[in-house]
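Visitor: Next up is a structure, given as structure tokens.
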Amino acid sequence: MPSHPSYYDLLDIPSDATPEEIRHAFHEAARRLHPDVSSEPNSNEKFIEAQMAYDVLSDSRARALYDQGLRELSDSPVVVDITYSRQKLAVVDEPQLIYVLLEYSTGPKFVHTPNPPLNICLVLDRSTSMQGTRMDTVKVAAVEMVRQLGPEDRLSIVLFSDRAEVLLSAGKRIDRTLIEAQIQMIRATGGTEIYQGLEAGFNEVKQNSTRSQINHIILITDGRTYGDEDQCLQLAGVAAKQGFRITGLGIGTDWNDEFLDELTCRTGGTSFYISRASDIRTFLQDQFTNLKQIFAEQVILNLSFSPGVKITSAYRLRPESAVLGSTSPIRLGSIPKPSKLSVMLEILAQPVPLMKHRFSIASGETSFILPSDPSRQHSIPISLSRSVRTEGSTGLPPNAIFKALSQITLFRMQERARQEAAEGKIQEASMRLQRLATQLLSLGEIDLAQTAIIEAERIQQTHMLSAEGEKQIKYGTRTFMSPAGAEE
Amino acid sequence: MILCQNCLHKEMLGAIFCSECGVQLIYAQGVPTSLVRMTTSKLRAKKIDMKSAPESVVNSDTLISLSIINTGDCLPLSSLNEVTLGRVSEGQPVVPDIDLTPYKAYEAGVSRLHASIRMIEDLVTVTDLGSANGTRVNGMQITPHIPCPVKHGDIITLGKFKIQLLLRNR
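Protein chains in written order, with the working numbering: chain G, 3 to 490; chain A, 24 to 193.
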């Protein structure tokens, strides 16, 4: 915040106030502060200030310039842009939806802060099913990762099957040739017990964790874990409290995507799916690049809602698209630099009471850890509100919201089809997949549309979705949510 | 309350897309929009046509499916070499492989044994089996009992019953 009050503060209005609200606030202030009626000391100066504020804010061009200047003056390490799907809430006696897009980016004074070093643990599945190309590609990818480490970065590698083994401990100085030789020696054998690996990985990261690093666990698996899922989820909760995130990668079709989603989501991380072993390298490469760009970690949105208002769903659009939990506090993940963290909230509001001029949807804060300044917990206030109108249009959704929602809709159709299939509603699921295919075709996503059509037919014949098609459609539609290349 | 024009599902005020069928419900700023009012099958055929050449190679791996234009249903054909189309009614000695009765075939004038679809080597053909109301391919009447070659995306009309032929390589 700038040291002197902003024009918005002077008029006591939110920074996204509508022109009517600005006019209204100014008239109110003018009546109160006019030197002829006011008995307040220095009301004259205040009146002039309010007039100045109104002059700027009532002119849309001047206001835009002023907003930009205000932004550049901001001392906050993270700035947030809030976009709403509608300018106003309608006064009606039925529930209504409003979509809110939150975009977090690095504050102007922190653009040149160096990115923090990494403390990563690779937790690799070495069960028998990994044998062959999968294991080989993982080895190559791991070696590449070792080569890219900076002098400050720490890497540990844990192998697991039915027990875990620490191949490389984070504490040691790395002798690259030795490590590379050791990686090459990995042999695939045994079953899959994710908890074993995860726990060892967690301990490795914890051993060396400081708050000035990016602490991260990358779990690569291709199988289901049996019986220890609850333990894994608990551990994920502990990891999240320590400020560690978990990224999960599932290879092939036999792993449990719902479990991996839940596991990573609890830490603000993401799960990924790859069908071909050859994609492991690109995946790890991307992960490494993304981790290197992190500016703020463990971003948590903590909101308290007005009565009758709640979040019905929340999605992260980027850096990595994912479904987020819908109960506050929500773990949003990390803020990259120079890019953004974008989150879409779907909010359901019960009928709006008439008497209010402006309806407060929610207020709270976004807290985050800044590895470049780890001494304290940082947070920025978030307040969501909309003005209310009784008649006429409530405004059209801005382009960014529109685009993002069109993609989210596809993902949700896929989710519902899956749910219907699980409940045995074969006709509904098949119908939905066909509709999904229609939408995918209109976007030009022919391959994915065909997968959807095949699955729609398959479910009619076998009453089940194929594990492969299911994952392909899920992760396929999820990638669309990330507006990479769509903006800027 | 907003009513989806495509599937008549009721959506809450403020919704932008229909959660049932994914169709856009309202117009947005600066987005060139067109409300898609096509059936799944029409759109599917239209889009696939753009990509795969009509003369794509047909071989033993090709999957044939029939899309019923009016209802949007898609019937995958089994790997039989010949499939007969028609209706099943009481006391009928020879029944067709595919019964079109559930899709209102009777009202559309489909005979009990109307036509057959055959795949011989690299050619897919449709043959009218002497039906009462005849068979058309892309609007052209075909001669009964003489196989007529068809390709991906062709519309086959049995009486007034429209079917689109979709071929896809495995």
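Where a beta carbon is used, it is the ideal one built from N, C-alpha and C, also for glycine.
Are the segment 96 to 115 of chain A and the segment 455 to 468 of chain G touching, with three or more C-beta to C-beta distances below 8 Å?
Guide: Result yes; three or more Cβ-Cβ pairs closer than 8 Å.
Visitor: Within the 9 Å Cβ cut-off, does serine 484/G reach chain A?
Guide: Taking the first sequence and counting its residues from 1, the one referred to as residue 484/G is at position 482. It does not; no Cβ of chain A falls within 9 Å.
Visitor: With 8 Å as the limit, tell me which residues of the segment 451 to 479 of chain G have their beta carbon closer than that to any beta carbon of chain A; keep them in chain order.
Guide: Of all residues in the segment 451 to 479 of chain G, Ala451, Gln452, Ile455, Ala458, Glu459, Gln463 have a Cβ within less than 8 Å of some Cβ in chain A.
Visitor: Look up phenylalanine 184/A in the DSSP assignment and say whether it is helix, strand or coil.
Guide: The residue given as residue 184/A occupies position 161 in the second sequence. Looking at phenylalanine 184/A - three-state DSSP - the assignment turns out to be strand.
Visitor: Just the Cα atoms here: how many angstroms apart are threonine 223/G and isoleucine 143/A?
Guide: Residue 223/G sits at position 221 when you count from the first residue of the first sequence. Residue 143/A sits at position 120 when you count from the first residue of the second sequence. Approximately 46 Å between the Cα atoms of the pair.
Visitor: I believe isoleucine 349/G touches leucine 99/G by the beta-carbon criterion, under 8 Å. Please report the beta-carbon distance rounded to the nearest angstrom.
Guide: In the first sequence, the residue the question calls residue 349/G occupies position 347. In the first sequence, the residue the question calls residue 99/G occupies position 97. Sure, about 7 Å apart at Cβ, within 8 Å.
Visitor: According to the neighbour-count rule (16 or more other Cβ atoms, all chains shown, within 10 Å of its Cβ), is arginine 67/A buried or exposed?
Guide: Counted from its first residue, the second sequence places residue 67/A at position 44. Note that arginine 67/A scores a pLDDT of 49, beneath 50, so its modelled location is shaky; the value from the coordinates is reported in the next line. Its Cβ being crowded by 16 or more others within 10 Å, arginine 67/A is buried.
Visitor: List the residues of chain G that proline 99/A touches, going by C-beta distances under 7 Å, in chain order.
Guide: Here residue 99/A refers to the residue found at position 76 when the second sequence is read from its first residue. Under the 7 Å cutoff, chain G gives Glu459.
Visitor: Counting only C-beta atoms, is proline 21/G closer than 9 Å to chain A at any point?
Guide: Here the question's residue 21/G lines up with position 19 in the first sequence. It does not: the Cβ of proline 21/G has no partner Cβ on chain A nearer than 9 Å.
Visitor: Which residue wins for smallest C-alpha separation from glutamine 287/G, given the options Gly254/G, Gln379/G, Phe112/G, Glu146/G?
Guide: Here residue 287/G refers to the residue found at position 285 when the first sequence is read from its first residue. Nearest option by C-alpha distance: Glu146/G.
Visitor: How would you list, in chain order, the residues of chain A whose beta-carbon sits under 7 Å from the beta-carbon of valine 94/G?
Guide: Looking up residue 94/G in the first sequence gives position 92. By Cβ distance, chain A contributes Leu36.
Visitor: Which partner residues does asparagine 121/G have in the DSSP bridge list?
Guide: Along the first sequence, read from residue 1 onward, the residue named residue 121/G stands at position 119. Partner(s): Arg156/G, Asn217/G.
Visitor: Which residues in chain G have a C-beta closer than 9 Å to the C-beta of isoleucine 39/A? List them in chain order.
Guide: By 1-based counting over the second sequence, the position of residue 39/A is 16. Within 9 Å Cβ-Cβ: Ser87, Leu99, Tyr101, Pro399, Ile403, Phe404, Leu407, Ser408, Thr411.
Visitor: Determine, using beta carbons only, whether leucine 146/A and proline 167/A come nearer to each other than 9 Å.
Guide: Within the second sequence, the letter at position 123 stands for residue 146/A. Within the second sequence, the letter at position 144 stands for residue 167/A. For leucine 146/A and proline 167/A, no; Cβs fall outside 9 Å.
Visitor: Among Tyr9/G, Lys90/G, Asp95/G, Thr411/G, whose alpha-carbon lies nearest the alpha-carbon of proline 353/G?
Guide: In the first sequence, residue 353/G corresponds to position 351, counting from 1. Ranking Tyr9/G, Lys90/G, Asp95/G, Thr411/G by Cα distance to proline 353/G puts Asp95/G first.
Visitor: Pull out every residue of the segment 422 to 441 of chain G whose Cβ sits closer than 7 Å to any Cβ of chain A, in chain order.
Guide: Residues Gln436, Arg437, Leu438, Ala439, Thr440, Gln441.
Visitor: Along chain G, in chain order, which residues have C-beta atoms closer than 8 Å to that of glutamine 47/A?
Guide: For the purposes of this step, residue 47/A is identified with residue 24 of the second sequence, where counting begins at 1. Chain G residues near glutamine 47/A: Ser408.
Visitor: Tell me whether cysteine 97/A sits in a helix, a strand or coil according to DSSP, three-state version.
Guide: Locating residue 97/A in the second sequence gives position 74, where the first residue counts as 1. Three-state DSSP puts cysteine 97/A in a strand.
Visitor: Short check: CB of leucine 103/G to CB of leucine 59/G, under 9 Å?
Guide: Here residue 103/G is taken as the residue at index 101 of the first sequence, counted from 1. Here residue 59/G is taken as the residue at index 57 of the first sequence, counted from 1. No, the pair does not count as a contact, with Cβ atoms beyond the cut-off.
Visitor: Does the Cβ of threonine 7/G have 16 or more other Cβ atoms within 10 Å, making it buried, or fewer, making it exposed?
Guide: Along the first sequence, one-based indexing puts residue 7/G at 5. What sits at residue 7/G in the sequence shown is proline, not threonine. When all chains shown are included, proline 7/G counts as exposed.
Visitor: Apart from the five residues on each side of it in sequence, which residues of its chain come closer than 6 Å, Cβ to Cβ, to phenylalanine 184/A?
Guide: If you number the second sequence from 1, residue 184/A lands on position 161. Here the set comprises Ala128, Ala131, Val133.
Visitor: Can you check whether the CB of isoleucine 371/G is closer than 9 Å to the CB of glutamine 300/G?
Guide: As a first step, residue 300/G must be located in the first sequence, where it is residue number 298. As a first step, residue 371/G must be located in the first sequence, where it is residue number 369. Yes, these two residues count as a Cβ contact at 9 Å.
Visitor: Assign isoleucine 448/G to one of three DSSP states: helix, strand, or coil.
Guide: As a first step, residue 448/G must be located in the first sequence, where it is residue number 446. Correct three-state label for isoleucine 448/G: helix.
Visitor: Using DSSP bridges, identify the partner residues of leucine 104/G.
Guide: For the purposes of this step, residue 104/G is taken as residue 102 along the first sequence, with counting starting at 1. According to DSSP, which records beta bridges pairwise, leucine 104/G is partnered with Ile84/G, Val345/G.
Visitor: Could you work out which residues of chain G lie near cysteine 27/A, taking near to mean beta carbons separated by less than 9 Å?
Guide: The sequence position of residue 27/A within the second sequence is 4, counting from 1. By Cβ distance, chain G contributes nothing, its closest Cβ being about 11 Å from cysteine 27/A, past 9 Å.
Visitor: Is serine 163/G buried or exposed, if buried means 16 or more other CB atoms sit within 10 Å of its CB?
Guide: Translated into the one-based positions of the first sequence, residue 163/G becomes position 161. Result: buried.
Visitor: Using only CA atoms, which one of Ile188/G, Leu293/G, Arg388/G lies nearest to proline 373/G?
Guide: For this step, residue 373/G is matched to residue 371 along the first sequence. Nearest option by C-alpha distance: Leu293/G.
Visitor: I want to see whether chain G comes within less than 9 Å of arginine 191/A, judged by CB atoms only; does it?
Guide: On the second sequence, residue 191/A is found 168 positions in, with the first residue counted as 1. By this cut-off, arginine 191/A is an interface position.
Visitor: What is the DSSP secondary structure of glycine 252/G, reduced to helix, strand or coil?
Guide: Locating residue 252/G in the first sequence gives position 250, where the first residue counts as 1. Correct three-state label for glycine 252/G: strand.
Visitor: Answer yes or no: does any C-beta atom of chain A fall closer than 9 Å to that of leucine 350/G?
Guide: Position 348 of the first sequence, counted from the start, is the residue given in the question as residue 350/G. Cβ-Cβ to chain A under 9 Å: yes for leucine 350/G.
Visitor: Contact check, leucine 136/A vs threonine 107/A under 8 Å by CB: the rounded distance?
Guide: On the second sequence, residue 136/A is found 113 positions in, with the first residue counted as 1. On the second sequence, residue 107/A is found 84 positions in, with the first residue counted as 1. Rounded, the Cβ-Cβ distance is 6 Å, consistent with contact.
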